[in-house]
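A.B. asks: Sequential numbering from 339 applies to the sequence shown in our numbering. Don't be surprised by glycine CBs; every beta carbon is placed ideally from N, CA and C.
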Amino acid sequence: MSGNLLELNQLSKRFPVRKGLFQRVVGHVNAVDGVDLTIGRGEIVGLAGESGSGKSTVARMIVGLLTPTEGTVTFDGEDVSKQLGTLAFKRRVQMVFQNPGSSLNPRRSVADALKVPLRVHGVPSSTWAERIRSLLEMVELPATFAQKYPHELSGGQKQRVAIARALAVQPELIVLDEPTSALDVSVQAKVIELLLRIRDELDLAYLFISHDLSLMRNFSDRVGVMYLGKLAEMGTSDDLFLRPQHPYTQGLLASIPVVSEAEEALKPTQRHLKGEIPSPANVPSGCRFRTRCPHAFDACREVAPTFHELSATHASRCHLHDPALAGSAEPTKA
Ligand code: SF4
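1. Are there three or more Cβ pairs, one per stretch, closer than 8 Å when the region 621–630 is compared with the region 638–656?
2. Which ranges would you report for the alpha helix (DSSP H) in the region 420–475 if only whole runs of at least 4 residues count?
3. Exposed or buried, what is P632 when buried is set at 16 or more other beta-carbons lying within 10 Å of its beta-carbon?
4. If you count every other CB in all the chains shown that lies within 10 Å of the CB of A662, and 16 or more means buried, which is it?
5. Hey, M572 and A653: beta-carbon distance below 8 Å or not?
6. Among the residues of its own chain, which have a CB less than 8 Å from the CB of L532, if the five just before and after it don't count?
7. Does DSSP classify K568 as helix, strand or coil?
8. With a threshold of 6 Å on Cβ separation, who are the neighbours of G392 within its own chain once the five nearest residues in sequence on each side are excluded?
9. Based on the DSSP secondary-structure assignment, which residues constitute the bridge partners of T574?
10. Please state whether DSSP places S340 in a helix, a strand or coil.
11. Under the three-state reduction of DSSP, which class applies to A672: helix, strand or coil?
12. Closest to S558 by C-alpha separation, out of L540, L569, F579, would be which residue?
13. Would you mind sorting E490 into buried or exposed? The rule is 16 or more other CB atoms within 10 Å of its CB.
14. Give the range of the alpha helix (DSSP H) segment to which A639 is assigned.
15. CA-CA distance, K671 and A634?
16. Indicate, with yes or no, if the ligand SF4 has a heavy atom lying under 7 Å from the CB of A634.
Written as structure tokens, this is what we have:
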């Protein structure tokens with residue numbers, strides 16, 4: 339049996355493109371294209387990348403909101419590809435969304451919101467009051483909050499209730515899709531602290547989706563950087579943020595604001611990313627990053643790069659790591 343809690347194997351999602359009066363399918367878009375990813379028990383793995391990179395589509399497939407077109411999902415050593423989204427699997431994997439306001443019913447009190455997963459998953463009603471009290475304690479809200487309604491809560495408090503609701507069924511993995519991006523910076527930090535404490539106490543694993551690289555650096559054990567549906571680079575937080583190797587990661591990091599001279603010294607010297615991420619309906623040939631890459635050379639137009647292992651923890655999908663091709667690397671106009 340694998341030691342990983344979650345294992346994605348060549349996970350892909352293709353959406354049909356429809357046109358005309360009769361909405362005929364005229365093509366397909368590969369929103370996620372052959373993603374391999376593992377998450378260990380108690381580990382926090384981040385997925386970074388611009389909008390359109392496919393990171394949220396990966397998250398939605400794991401929790402069963404989208405059906406993968408290809409690939410497998412293994413959980414605790416068992417192939418669960420056909421169980422994604424079932425009640426049994428939802429008990430093990432929960433999701434916290436970006437906007438806590440829209441994920442809470444305005445007509446339901448906090449206690450009622452927390453009862454929903456308990457009822458759905460067959461938890462005996464005699465234990466609900468105690469469970470609700472301990473869930474609120476876990477997310478550092480007073481027990482009196484059980485009687486409050488969403489309009490009486492701040493954004494941070496709503497997100498704490500959403501986290502408590504995800505914890506209600508004692509999952510092993512929580513998918514966090516931009517969980518703090520709708521919150522003020524000071525509130526963000528508190529929610530992140532809370533999530534870290536809960537992870538330590540419950541040995542939970544998180545898949546953390548965010549476009550905020552500063553947050554990702556402080557929160558995640560390992561990080562994958564996605565570009566146009568594929569992983570471009572994968573490594574520990576230190577691999578990615580101190581020794582970024584893929585030109586896309588370097589470009590992303592160059593755009594993070596820094597707060598000290600020491601951080602400035604660590605920043606990649608590459609200039610900011612140019613242009614926009616292309617449409618997934620129009621993926622460039624060869625390396626999909628080549629239209630924006632300052633290092634692109636002839637082979638990048640023809641040959642799609644594979645992952646090159648740079649260390650036991652670090653891999654990057656770029657021809658510059660392939661000694662056979664990098665020798666001919668004279669930058670060209672993409
Ligand atoms: Fe740039 Fe070529 Fe590497 Fe792609 S394979 S990231 S275009 S150098």
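C.D. replies: In short, the structure shows the following:
1. yes
2. 425–428, 438–441, 448–458
3. In the sequence shown, residue 632 corresponds to position 294, counting from 1. Exposed, since its Cβ has fewer than 16 Cβ neighbours within 10 Å.
4. Numbered from 1 along the sequence shown, position 324 holds the residue referred to as residue 662. By the neighbour-count rule (16 or more Cβ atoms within 10 Å), A662 is not buried but exposed.
5. The count along the sequence shown starts at 1 and reaches residue 572 at position 234. The count along the sequence shown starts at 1 and reaches residue 653 at position 315. Contact: yes.
6. Here the question's residue 532 lines up with position 194 in the sequence shown. Cβ neighbours of L532 beyond the five flanking positions: V477, E478, R498, I501.
7. Position 230 of the sequence shown, counting from 1, holds the residue named residue 568. Here K568 sits in strand by DSSP.
8. As a position in the sequence shown, residue 392 is number 54, starting the count at 1. A369, V370, M564, G567.
9. In the sequence shown, residue 574 corresponds to position 236, counting from 1. DSSP, once it has assigned bridges, lists R560 as partnering T574.
10. Residue numbering aside, residue 340 sits at position 2 when the sequence shown is read from its first letter. Only weak support exists for where S340 lies, its pLDDT of 48 falling under 50; the value from the coordinates is given anyway. In the structure shown, the three-state DSSP call for S340 is coil.
11. On the sequence shown, position 334 is the one that residue 672 refers to. Summary for A672: the model assigns pLDDT 44, below 50, so the residue's position carries little reliability, and this model does not support an answer.
12. Taking the sequence shown and counting its residues from 1, one reaches residue 558 at position 220. When C-alpha distances from S558 are compared across L540, L569, F579, the shortest belongs to F579.
13. As a first step, residue 490 is located in the sequence shown; it is residue number 152 there, counting from the start. E490 is exposed by the Cβ-count criterion.
14. In the sequence shown, the residue the question calls residue 639 occupies position 301. Residue 639 is actually Arg in this sequence, not Ala. First-last of the alpha helix (DSSP H) with R639: 636–640.
15. The residue labelled residue 671 in the question sits at position 333 within the sequence shown. The residue labelled residue 634 in the question sits at position 296 within the sequence shown. Since pLDDT at K671 reaches only 49, below the 50 mark, its modelled position is unreliable, and the value read off the structure follows with that caveat. Cα to Cα, the separation comes out at about 7 Å.
16. Here residue 634 refers to the residue found at position 296 of the sequence shown. It does: the Cβ of A634 is within 7 Å (strictly closer) of some heavy atom of the ligand SF4.
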